[in-house]
Structure formats: structure tokens, C-alpha cells
Amino acid sequence: MGKERIRFIDTARFLAMAMVFYGHFIERIMYLANPTAAAQYKFIYSFHMVLFFVLAGYVAKQDDLAPGFGRFLKQRVLSRLLPFVFFTLVFMLAAGLFPGDFFQLQLPSVQGYIDGLVNTVFGIPMFCVPSWFLLIIFSVEMIHYWAFRLLASDVKIVAGVILFYVCGYLLNATFDIVNPIRGRVVGWNYLFIHEALFMYAFYLLGVFLRRQRFLRKRQPLRVLAPAAMAAFLVVLFTYRLNSGRFSFPPLDAVVILFSSHGHAAWFPLTALAGCLMVLLVARAVPSWRPMVWMGQNTLILMCLNGIFYHYINPPVAAWVVGHLPGTPLTVWWVGCAMTAGSLAVCMPLVYLLRRWLPQLVGRPAAAGPLLKNLI
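Note that full-length UniProt numbering gives residue 186 to position 186 of the sequence shown, counting from 1, and the numbers run on in steps of one.
Here you go:
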């Protein structure tokens with residue numbers, strides 16, 4: 001994989017991360033009965049989390065699968081689960097110092113911490129909800145270690161995509177394994193393995209795209225721009241069609257966290273069109289250094305988003321709804337401003353974490369001023 005291609009993928013990661021920040025902000029506006037925010041939420045959530053799995057598969061290195069399983073497991077535990085534990089502890093401490101929105105948890109209180117820990121270990125990470133992605137990507141990579149040994153050709157990979165999609169979809173649709181509405185969270189969710197089996201289909205798709213050298217060669221803007229617009233229109237005209245079949249009924253939208261996918265055909269069509277749109281845009285725009293740098297640090301940014309998810313977005317969203325018109329344009333520009341501001345605030349935090357504690361934020365092989373390298 002050439003340097004240029006890495007920058008292109010990192011740009012796509014940045015765009016995906018920006019959608020996470022934007023989506024989590026307008027989610028709070030949506031909770032305040034704003035239909036415009038609900039429509040934008042449904043649009044973004046129809047594809048943006050699937051995009052992360054496609055991108056993860058795109059950059060997956062086959063050499064990583066060569067060592068024995070023990071070594072592979074250690075590397076993934078230190079680069080995925082250790083950051084999860086680190087950020088969980090940080091947010092647990094913060095919850096005792098600053099008032100935030102942790103849904104049903106009463107923090108700070110002994111019972112609140114007990115309930116939060118039980119949910120975090122056996123269900124959903126309540127102290128930093130966005131960090132759930134670290135758990136599911138760990139499970140996806142564990143599946144990949146064993147499954148990909150049987151997928152040595154492009155034909156087998158495509159067959160694997162179809163098999164994991166069909167089986168994963170039916171598994172979650174039939175058994176509805178994790179569902180807060182039905183009281184199935186604690187004791188039902190173990191590293192999101194139930195959803196990882198489904199999302200592995202999209203991870204494999206990313207592997208397939210890399211093998212096909214998809215978008216590796218630079219294309220003229222006159223080709224990329226119309227193609228991206230066409231993909232956008234597909235999302236725009238299909239995302240509303242995926243409706244009414246979600247397993248998490250409070251939200252008429254795709255929510256990967258709760259394995260709520262909707263229609264078996266409309267979901268992948270819209271999701272893949274959205275992924276294609278972002279990949280084309282990432283290939284078309286300049287690979288600006290700040291964007292690439294943030295794209296290289298999505299793991300840290302995903303967890304730092306918890307600052308805004310739990311502390312900042314709720315009061316800001318309440319102020320917006322109380323003082324500004326709820327028009328699509330207003331929701332859009334406020335959401336963009338919040339996204340840009342939030343990412344700007346995170347940049348120095350990312351730098352400090354990478355500089356002083358790289359081993360705890362996904363880089364276990366790095367040596368820092370406070371800790372030695374872990375592998």
C-alpha cells in the first residue's frame with residue numbers, strides 16, 4: 001500500500017469521525033423532538049458506522065495474521081481493550097467531578113458506579129458510550145484471524161461476505177440478542193460478538209476492495225465528483241425506505257450499537273452507497289495534513305467524543321432548541337460548527353495522549369516518557 005493510498009484512507013477516516021461528532025450532537029437535538037435533526041440522524045446513521053468496518057478491512061494487513069494466536073491476541077488486547085479500560089477509568093473519575101448525562105445512571109453515587117461498571121463489563125459502556133466501538137472491532141478482528149485463513153481467493157471472500165451478512169442478519173433479527181427495551185443488556189452482550197459476526201461482512205468487503213486496488217489510482221475530479229454525487233443521491237432517496245423494521249423502536253433509524261438494522265435489502269444498499277460516497281469524496285479532496293493526522297487517530301477521537309456526548313452536547317442542544325429556529329439549515333450549520341469546534345478541542349488532547357501515554361491509547365509498541373513500550 002503506497003503512501004498516497006494511506007493518506008486517502010486516513011482522509012476517509014477523518015470524514016467518518018466528523019460524522020460521529022456531528023451525529024452525536026444532532027442526536028441530542030433529536031431527543032428534544034426536532035424532526036429535522038431526526039431526519040439528519042437517520043441519514044448519517046444509515047451508513048456511517050458501517051463505513052468504519054469497511055475502512056478497517058481496507059487497511060487490514062495479512063502479515064498481522066502470520067504470528068501465532070497468542071501473540072496476535074496480546075497485540076489486539078493492548079491496542080484495543082487496554083485503551084477501552086484506560087478511557088473508562090478516566091471517564092469514571094470525571095463523572096465524580098463534573099455533572100454529566102449518563103442516562104439512567106445516578107452519578108456520582110455508589111450505586112451509580114456499581115450499575116455503570118456492571119453495564120460496562122457485561123453490556124454497554126455507560127461511562128463513555130462512544131468507546132463501544134473498541135469492543136466490537138476487537139471481536140471483528142478475532143473473527144478475522146480465524147475466518148480469513150479459509151478465504152484465500154477473491155471468490156471465497158465474496159462468498160464470505162454474503163455468508164456472514166445473511167447469517168449475521170438472521171442471528172440478530174431472529175433472536176434480538178441485545179435490546180434495552182426488552183431488558184436484554186447486562187448478561188447478554190459480550191464484546192458485541194453477536195453484532196461482530198454481522199459487521200464482519202463489511203470488514204471482509206473492505207479487504208476485498210483493497211485486493212482489487214479500489215480507487216488506488218488517482219482519478220480526475222470530473223469522474224470522482226459525479227460518482228460521489230450519484231452515490232449521495234442513492235443514499236438520499238433510499239435511507240427513508242428502511243423504516244419500521246428496527247429492533248430498537250424508539251429510534252426509526254439504523255443503530256449498530258443495538259443491532260437495529262431494519263430491512264435486509266434497504267440497509268445494505270443505503271450503507272454501501274454511503275460508504276462509496278465517502279470513499280469517492282476522500283479520493284477527490286486534497287489530503288490536508290490536519291485531516292490525515294486526525295484520520296490516523298480515530299481510536300483516540302472516538303473515545304474523546306465521550307466528553308461531548310456526556311457533558312457538552314446535552315446542554316448545548318437544549319440551548320439551540322430553546323433559542324434558535326429548528327429549520328434544516330439552522331440544525332446543519334450549528335451541527336457543523338459544533339463538530340468543527342469539538343474536533344479542534346480534541347486535537348491538543350490527542351497530541352498530549354500520543355506524546356505522554358501512547359501505550360494506553362492504541363500504540364503499545366511505542367515508548368513514551370512515562371511508560372515503556374508494552375510489546
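Glycine is no exception: its CB is placed at the ideal position from the N, C-alpha and C atoms.
Within 10 Å of its beta-carbon, does residue i have 16 or more other beta-carbons around it, so buried, or fewer, so exposed?
i: residue 327; result: exposed
i: residue 40; result: buried
i: residue 350; result: buried
i: residue 48; result: buried
i: residue 242; result: buried
i: residue 379; result: In the structure as shown, the chain starts at 1 and stops at 375, and residue 379 therefore has no counterpart that could be examined.
i: residue 266; result: buried
For the alpha helix (DSSP H) that contains residue i, what are its first and last residues?
i: residue 273; result: 266-284
i: residue 53; result: 48-58
i: residue 128; result: It is not in any alpha helix (DSSP H) - residue 128 carries neither H nor E in the DSSP assignment.
i: residue 121; result: 110-122
i: residue 101; result: No alpha helix (DSSP H) holds residue 101; DSSP gives it neither H nor E.
i: residue 339; result: 328-356
i: residue 43; result: 35-45
i: residue 233; result: 221-238
Measuring CA to CA, which of the options is closest to residue i?
i: residue 104; options: 97, 113 and 98; result: 113
i: residue 320; options: 307, 33, 55 and 334; result: 334
i: residue 314; options: 101, 199, 69 and 357; result: 101
i: residue 381; options: 297, 310 and 373; result: The chain is shown from 1 up to 375; residue 381 falls before or after that span and cannot be answered.
i: residue 202; options: 305, 67, 162 and 336; result: 162
i: residue 308; options: 212, 8, 77 and 94; result: 94
i: residue 233; options: 145, 121, 83 and 273; result: 273
i: residue 198; options: 231, 160 and 188; result: 160
i: residue 261; options: 16, 26, 17 and 42; result: 42
i: residue 168; options: 76, 180 and 264; result: 264
Kindly list the residues whose CB is nearer than 8 Å to the CB of residue i, restricted to its own chain and excluding five residues on each side of it in sequence; keep chain order.
i: residue 118; result: 186
i: residue 130; result: 20, 24, 302, 303, 305, 306 and 309
i: residue 268; result: 165
i: residue 229; result: none
i: residue 76; result: 138, 141 and 142
Taking 7 Å as the limit between beta carbons, can you name the residues of its chain near residue i, skipping five residues before and five after?
i: residue 221; result: 284
i: residue 11; result: 282, 285, 287, 291, 292 and 295
i: residue 50; result: 202, 271 and 275
i: residue 194; result: 171, 172, 177, 178 and 259
i: residue 29; result: 37, 317, 320, 321 and 331
Are any of the Cβ atoms in chain D nearer than 8 Å to that of residue i?
i: residue 55; result: The displayed structure is made up of one protein chain only, and chain D is not part of it.
Let me check you understand the geometry: is the CB of residue i closer than 7 Å to at least one non-hydrogen atom of the ligand SAM?
i: residue 149; result: The ligand SAM is absent from the structure shown, which contains no ligand whatsoever.
Might you give, ordered along the chain, the residues of its own chain that have their beta carbon closer than 6 Å to the beta carbon of residue i, omitting 5 neighbours on each side?
i: residue 311; result: 100
i: residue 361; result: 83, 300 and 353
Of all the alpha helix (DSSP H) runs that stay within the bounds of the stretch 118-190, which reach a length of 4 or more residues? 132-147 and 154-175
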